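Below: one structure, written as structure tokens.
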Amino acid sequence: MSDSITHTQTNTSTRLARPVPFRGGGFRIGTVPWLSPFVFVGLILFWYWGSSSGFIHPLVLPSPGESLQAFINLAQSGMLWKHVSASVQRLVIGWTSGTILGISIGLAIALSSLARATFAPLVAAIMPVPKIALLPLFVIWFGIGEGSKVATILFGVFFPTVIATYGAVDNVDRSLIRMGQSFGLSWSSIVRKIIFPGALPAILSGFRISASIAIILLVAAEMIGAEFGIGAYVLLAGSLMATDQLIAGVAVLSLLGLTVSFLIGRAERYFLRWRT
Amino acid sequence: MDLSLNNIHHFYGDVEILSGINFEIKSGEIVCIIGPSGCGKSTLLRFLGGLERPSSGEVLQIGSPPEACLNPLTYIFQDFALLPWRTVEGNISLALEDHRIPKQEIERIIDNVLGRTKLTDFRSALPRQLSGGMKQRVAIARALCVNPAVLLMDEPLSALDSQTRELLMDDLVDLWTRERFTACYVTHNLAEAVRLGHKIVVLSRRPGKIREIVSIDTPLADRKNDLVKLEQQQNHLWNLMREEALAADMELNDV
Numbered sequence: 000m001s002d003s004i005t006h007t008q009t010n011t012s013t014r015l016a017r018p019v020p021f022r023g024g025g026f027r028i029g030t031v032p033w034l035s036p037f038v039f040v041g042l043i044l045f046w047y048w049g050s051s052s053g054f055i056h057p058l059v060l061p062s063p064g065e066s067l068q069a070f071i072n073l074a075q076s077g078m079l080w081k082h083v084s085a086s087v088q089r090l091v092i093g094w095t096s097g098t099i100l101g102i103s104i105g106l107a108i109a110l111s112s113l114a115r116a117t118f119a120p121l122v123a124a125i126m127p128v129p130k131i132a133l134l135p136l137f138v139i140w141f142g143i144g145e146g147s148k149v150a151t152i153l154f155g156v157f158f159p160t161v162i163a164t165y166g167a168v169d170n171v172d173r174s175l176i177r178m179g180q181s182f183g184l185s186w187s188s189i190v191r192k193i194i195f196p197g198a199l200p201a202i203l204s205g206f207r208i209s210a211s212i213a214i215i216l217l218v219a220a221e222m223i224g225a226e227f228g229i230g231a232y233v234l235l236a237g238s239l240m241a242t243d244q245l246i247a248g249v250a251v252l253s254l255l256g257l258t259v260s261f262l263i264g265r266a267e268r269y270f271l272r273w274r275t
Numbered sequence: 000m001d002l003s004l005n006n007i008h009h010f011y012g013d014v015e016i017l018s019g020i021n022f023e024i025k026s027g028e029i030v031c032i033i034g035p036s037g038c039g040k041s042t043l044l045r046f047l048g049g050l051e052r053p054s055s056g057e058v059l060q061i062g063s064p065p066e067a068c069l070n071p072l073t074y075i076f077q078d079f080a081l082l083p084w085r086t087v088e089g090n091i092s093l094a095l096e097d098h099r100i101p102k103q104e105i106e107r108i109i110d111n112v113l114g115r116t117k118l119t120d121f122r123s124a125l126p127r128q129l130s131g132g133m134k135q136r137v138a139i140a141r142a143l144c145v146n147p148a149v150l151l152m153d154e155p156l157s158a159l160d161s162q163t164r165e166l167l168m169d170d171l172v173d174l175w176t177r178e179r180f181t182a183c184y185v186t187h188n189l190a191e192a193v194r195l196g197h198k199i200v201v202l203s204r205r206p207g208k209i210r211e212i213v214s215i216d217t218p219l220a221d222r223k224n225d226l227v228k229l230e231q232q233q234n235h236l237w238n239l240m241r242e243e244a245l246a247a248d249m250e251l252n253d254v
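The listed protein sequences correspond, in order, to chains X and U.
Okay, so the first sequence: first residue is 0 according to numbering that gives the first Met the number 0, each after it adds one.
Okay, so the second sequence: first residue is 0 according to numbering that gives the first Met the number 0, each after it adds one.
If you want it as structure tokens, here you go:
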């Protein structure tokens, strides 16, 4: 035994020794701080340079200065708040009611064979219909006012939430449910304490999809017969060829989207803090 | 409270899983069930606790469970089955919440079982922070908090490394010596069976039949001191199982 050890030692001293090549790198996404703000600033600088040098024609894209000015005008006139509050109100009502309905029906589909047989084919049939196509119908059913706009968002949010919820419940660890049964927990306890929390991660990631659908439908719905709302503002700017205002409106929409995704991120961190 | 299995047969579709199983679990004894993989030992345990029904035959409770018993037939699972979003305390209280026990009483029971399983310092830890052995301790604490009449253990140590397994086995022996609980213990590990079992039911490969029931009279606490005897008993079990295990290993799994 000791012989062979000394043997190898003498061998290494005479032969070429080099480190084992490392092959385990890559495929791991790290964080690169500060790069993302640089991308934004860089794009805006390029845009600014393009507009001032004449490389980008003002008809094609207004300069960042003009767009900022349009935004400041909008804010100073007090209309910004009116548009944003009208939009946010529709978004909150439509998304919340769509989500509550979606989670309830999703849970029903996941937990009862009767509900699954009833609703699952319906959901599958109506899900792929673009809700914007139904907007004229909603105007007739719910009126040209808030009703039709909220209904469009509600329907748009409802279907993906149903799918996310019942998929999530189907994927809850069966052994946890069996554990609940083995301790004699009631049906409602198993649903509230085991199934719902177990499904929550997937339901919350469904929220990201449903929230972006809600914003898209919000703008589409506001393009029909809305006095206030960011969608109405963008539509008006577009039809007047006021591209600077259009850009300002789009920026507000983008900020709205970022805020929503930030809020969902916060909710995930709070509700899923038990995860690593 | 005793449990008795009467002539249990079970089929999945056309495949016979268990055939003519008869034995009894007497109060205060640990009955181990061993057998090659796929012989239906876990299925048998699910029959014992009423989580599944056999195709024919019945499982009988003889006598009634003690008054203070909240959940007479209580499982301990191989994969621990802890809720990852609840703390150690929350996981234990889950088993008590449906019984309308006053808050203070719940607190007292939790304190008590945490003490008995040496978990007092981990009361507010989340499962992901715990090692495998600790998680199984929590599951044992959760099972003890409902004062079970019979503990049904489904390979409780199989997901643990061998050092932890050794430690937990000692803990189980201590616990039994103090409290004389009744248990049915399913395992494929012969060492666990000869250390913990008063009676060892050896099943054959599918369809699972009782090959032999081995009784070991040495008190649990003394078994570690007589390693030679332990080894002999283990060898005897292995001889019973060897060919079955070999044949079971060659079978195609399509049920």
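All C-beta atoms in this analysis are idealised placements derived from N, C-alpha and C, irrespective of residue type, glycine included.
Here the structure is a predicted model, which means the values were calculated and not measured.
Residues that residue i contacts on chain U, provided the C-beta gap is smaller than 9 Å
i	result
K81(X)	Result: empty, since nearest Cβ-Cβ is about 42 Å, beyond 9 Å.
I193(X)	L82, L93
L184(X)	L93, A94, E96, D97
S66(X)	Within 9 Å Cβ-Cβ: nothing; S66(X) doesn't reach chain U, min ~46 Å.
S204(X)	Within chain U, no residue comes near S204(X); the closest Cβ sits about 16 Å away, beyond 9 Å.
Chain-ordered chain X contacts of residue i [CB-CB under 7 Å]
i	result
Y184(U)	By Cβ distance, chain X contributes nothing, its closest Cβ being about 16 Å from Y184(U), past 7 Å.
F76(U)	S174, M178
L70(U)	Inspection of the sequence shows that residue 70(U) is occupied by Asn rather than by Leu. By Cβ distance, chain X contributes F182, G183.
Neighbour-count burial assignment, residue i, 16 or more Cβ in a 10 Å radius
i	result
S1(X)	Any answer about S1(X) is weak, because its pLDDT of 48 lies below 50 and its placement is not dependable; what the coordinates show is given next. S1(X) should be labelled exposed.
W94(X)	buried
H82(X)	buried
N6(U)	exposed
K223(U)	exposed
A132(X)	exposed
P129(X)	exposed
N111(U)	exposed
K198(U)	buried
L136(X)	exposed
R136(U)	buried
D153(U)	buried
M168(U)	buried
L251(U)	exposed
W48(X)	exposed
M240(X)	exposed
T164(X)	buried
A219(X)	buried
E221(X)	buried
Residue from the options with nearest C-alpha to residue i
i	options	result
L69(U)	S55(U), N21(U), A142(U), L174(U)	A142(U)
V14(U)	G37(U), M0(U), I33(U)	G37(U)
V87(U)	K117(U), F79(U), P126(U), S55(U)	P126(U)
S211(X)	S253(X), S50(X), F137(X), P135(X)	S253(X)
L43(U)	E104(U), V185(U), E66(U), Q135(U)	V185(U)
Q293(X)	T151(X), A213(X), S62(X)	Chain X is shown from 0 up to 275; residue 293(X) falls before or after that span and cannot be answered.
R205(U)	G114(U), L59(U), E242(U), H235(U)	E242(U)
I16(U)	A148(U), K102(U), E96(U), P35(U)	P35(U)
D169(X)	V59(X), G49(X), A109(X)	A109(X)
K117(U)	P101(U), I139(U), K228(U), H9(U)	I139(U)
Within chain U, the residues that residue i reaches when beta carbons sit closer than 8 Å
i	result
S281(X)	No answer is possible for residue 281(X): it lies beyond the span of chain X, which begins at 0 and ends at 275.
T275(X)	R127
P196(X)	L82, W84
Amino acids of chain X, ordered along the chain, whose beta-carbon sits closer than 9 Å to that of residue i
i	result
L50(U)	R177, Q180, S181
N238(U)	Result: empty, since nearest Cβ-Cβ is about 34 Å, beyond 9 Å.
Bridge-paired residues (DSSP) for residue i
i	result
T152(U)	One detail in the question is off: residue 152(U) reads as Met in this sequence, not Thr. The partner list for M152(U) (beta bridge, DSSP) reads I75(U), Y184(U).
F10(U)	E15(U)
N5(U)	E57(U)
F21(X)	In DSSP, F21(X) forms no bridge with anything.
L106(X)	L106(X) pairs with nothing; no bridge assigned.
L254(X)	BP columns for L254(X) are empty, so no partner.
E23(U)	S3(U)
C144(U)	C144(U) is not bridged to any residue.
S214(U)	K198(U)
C31(U)	Y184(U), I199(U)
I209(U)	L202(U)
Neighbouring residues, chain X, relative to residue i (Cβ below 8 Å)
i	result
Y11(U)	By Cβ distance, chain X contributes nothing, its closest Cβ being about 17 Å from Y11(U), past 8 Å.
V272(U)	Outside the displayed span of chain U (0 to 254) sits residue 272(U), for which this structure offers no information.
Chain B within 7 Å of residue i, Cβ atoms only
i	result
D225(U)	The structure shown contains no chain B; its protein chains are X and U.
Beta carbons nearer than 8 Å to chain X: which residues of the stretch 92-106 of chain U have them? The stretch 92-106 of chain U vs chain X, Cβ under 8 Å: L93, A94, E96, D97.
Residues within the stretch 220-238 of chain U neighbouring chain X, beta-carbon criterion of under 9 Å: Result list empty, no residue passes.
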